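**Student:** In the UniProt record's numbering, the protein residues as written are 1 to 299.
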Amino acid sequence: MSTTASPVRARRLPPRERAGSPMLLGHGRLPRVLAGTALVVLAGVWLLPLVWAVATSLQSEQDVAEPGLSPFKGAFTLDAYQQILERGNVTVWAANSFLVAGLVTLITVAISTLAAYGFSRGAFRGRRVLLTVTVAAVMVPPQLLVVPLFEQMLMFNLVDTYAAVILPQVVAPMMVFILKRFFDSVPRELEDAARLDGASELRVFLSVVLPLSRPIVAAVSIFVFIGAWNNFMWPFIVTNDPGLMTLPVGLATVKDAFGIQYAQAMASALLAALPLVVVFLLFQRRIVSSVATTGLGGA
1 MSTTASPVRA RRLPPRERAG SPMLLGHGRL PRVLAGTALV VLAGVWLLPL
51 VWAVATSLQS EQDVAEPGLS PFKGAFTLDA YQQILERGNV TVWAANSFLV
101 AGLVTLITVA ISTLAAYGFS RGAFRGRRVL LTVTVAAVMV PPQLLVVPLF
151 EQMLMFNLVD TYAAVILPQV VAPMMVFILK RFFDSVPREL EDAARLDGAS
201 ELRVFLSVVL PLSRPIVAAV SIFVFIGAWN NFMWPFIVTN DPGLMTLPVG
251 LATVKDAFGI QYAQAMASAL LAALPLVVVF LLFQRRIVSS VATTGLGGA
């Protein structure tokens, strides 16, 4: 007499996270609630200064001067922005900032990629010494270079020119080092195959290495653009002509005879940061993917 085995109930396993998703505090509802609460609190702490700045810029100076901790003290108004736009040439300053930041980004990326490729693939005498000097230059504070750079601009009669604002910013040792580390991870077999097909060294760099390096080049371009846009000290020192000032420098010159105007100061800061916010919103996926996939630890 044949007997049929009763089906064995499989033991229920704890739910697993989907492949590729990070595990914050473990499985279950409580860890998720704790993680979500912590993220909300941290996001609130990070957004509080921004909310305070926006609320202050949308109020009159009289309301801002009222005692109290709440940023919402009166009716919203655009008087602070109107004063800034009327008393300053914001359009020209914004155009100068885009021109300077764009040219600094293009020139810096071109120089840094070529230098990094030379350090990564070159076998010339003095390579280690030059690489050591490049890495050591990262630790030099830019404030120490202000006086010699300004003397050079005076020597070449470049003060109050776009060249004086742009050229000292195109040397970026940190970007050279980051690109060099990434180029070291690019398989050399692909370059050797291109050389066998008769490609020159420049063609190998432009057609093989650069297309494979789009994430890191995009990340470097974004960081250089943000740094050039936010640079205040050097354009402030080397320019006196209001028609050559960048947006951060120009907005800093818009002051009132009655002292600090907090609403106008917050409006100026928000106007200077607005283009960067737009750039981040347009390229946020590229920024996040570039930072996530081009870390120095895996290069």
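Backbone N, C-alpha and C fix where the C-beta goes; we use that ideal spot for every residue, glycine too. Just so you know, these numbers come straight off a predicted model, no measurement behind them.
Starting from the C-beta of residue 79, find all residues in its chain whose C-beta is less than 7 angstroms away, skip the five residues before and the five after it, and write them out in chain order.
**Tutor:** Cβ within range, chain order: 60.
**Student:** Please report the distance separating the alpha-carbon of residue 153 from that of residue 216.
**Tutor:** 32 angstroms
**Student:** With respect to the alpha helix (DSSP H) encompassing residue 245, which residues constitute its N-terminal and C-terminal limits?
**Tutor:** Neither: residue 245 is in no alpha helix (DSSP H) and is coded neither H nor E.
**Student:** Evaluate the contact criterion for the segment 84 to 103 versus the segment 139 to 158: three or more CB pairs, one atom per stretch, below 8 angstroms.
**Tutor:** In this structure the segment 84 to 103 does not touch the segment 139 to 158; the number of beta carbon pairs closer than 8 angstroms is below three.
**Student:** Starting from the N-terminal side, write out each stretch of the alpha helix (DSSP H) that is 4 residues or longer and does not extend beyond the segment 159 to 206.
**Tutor:** Listed in chain order, they are 162 to 166, 173 to 184, 188 to 196, 201 to 204.
**Student:** If we count the other Cβ atoms within 10 Å of its Cβ and call it buried at 16 or more, is residue 56 buried or exposed?
**Tutor:** buried
**Student:** Are there 16 or more other CB atoms within 10 angstroms of the CB of residue 157, so buried, or fewer, so exposed?
**Tutor:** exposed
**Student:** Classify residue 38 as buried or exposed, calling it buried when 16 or more other Cβ atoms lie within 10 Å of its own Cβ.
**Tutor:** exposed
**Student:** Can you tell which of 159, 128, 167, 155 has its C-alpha closest to the C-alpha of residue 180?
**Tutor:** With distances taken between Cα atoms, residue 180 lies closest to 128.
**Student:** So is residue 240 buried or exposed if we call it buried at 16+ other beta carbons inside 10 Å?
**Tutor:** exposed
**Student:** Return the first residue and the last residue of the alpha helix (DSSP H) that residue 224 is part of.
**Tutor:** Its alpha helix (DSSP H) spans residues 214 to 230.
**Student:** If I follow the unbroken alpha helix (DSSP H) through residue 62, where does it start and stop?
**Tutor:** 61 to 65
**Student:** Taking C-beta to C-beta, are residue 176 and residue 115 nearer than 8 angstroms?
**Tutor:** It is a contact, given that the beta carbons lie within the stated cut-off.
**Student:** Determine whether the beta carbon atoms of residue 222 and residue 283 lie at a separation below 8 angstroms.
**Tutor:** yes
**Student:** So the alpha helix (DSSP H) residue 144 belongs to, where does it begin and stop?
**Tutor:** Neither: residue 144 is in no alpha helix (DSSP H) and is coded neither H nor E.
**Student:** Using CA atoms only, rank isn't needed, just tell me which of 203, 183, 170 is closest to residue 107.
**Tutor:** 170
**Student:** Looking at residue 77 and residue 58, is the spacing between their C-beta atoms short of 8 angstroms?
**Tutor:** yes
**Student:** Cβ atoms of residue 187 and residue 89: under 8 angstroms apart, would you say?
**Tutor:** Against a cut-off of 8 angstroms, the Cβ pair of residue 187 and residue 89 comes out as no contact.
**Student:** Mind checking which residues open and close the alpha helix (DSSP H) that includes residue 261?
**Tutor:** Taken as a continuous stretch (DSSP letters only), residue 261 belongs to no alpha helix (DSSP H), as it is neither H nor E.
**Student:** Return the CA-CA distance between residue 266 and residue 190, expressed in angstroms with no decimal places.
**Tutor:** For the pair residue 266 and residue 190, the Cα-to-Cα distance works out to about 52 angstroms.
**Student:** Starting from residue 55 and walking both ways along the alpha helix (DSSP H), at which residues does that stretch end?
**Tutor:** Its alpha helix (DSSP H) spans residues 29 to 57.
**Student:** For residue 240, does the three-state DSSP call read helix, strand or coil?
**Tutor:** If DSSP states are grouped into helix, strand and coil, residue 240 belongs with coil.
**Student:** Taking buried to mean at least 16 other C-beta atoms within 10 Å of its own C-beta, is residue 36 buried or exposed?
**Tutor:** exposed
**Student:** Under the three-state reduction of DSSP, which class applies to residue 98: helix, strand or coil?
**Tutor:** helix
**Student:** Answer with buried or exposed for residue 172, where buried requires no fewer than 16 other C-beta atoms within 10 angstroms of its C-beta.
**Tutor:** buried
**Student:** Suppose you measure from the CA of residue 281 to the CA of residue 30; what does that come to, to the nearest Å?
**Tutor:** 33 angstroms
**Student:** Mind checking which residues open and close the alpha helix (DSSP H) that includes residue 127?
**Tutor:** 127 to 137
**Student:** Shortest alpha-carbon distance to residue 165 belongs to which of 250, 244, 264?
**Tutor:** Nearest of 250, 244, 264 to residue 165, Cα basis: 244.
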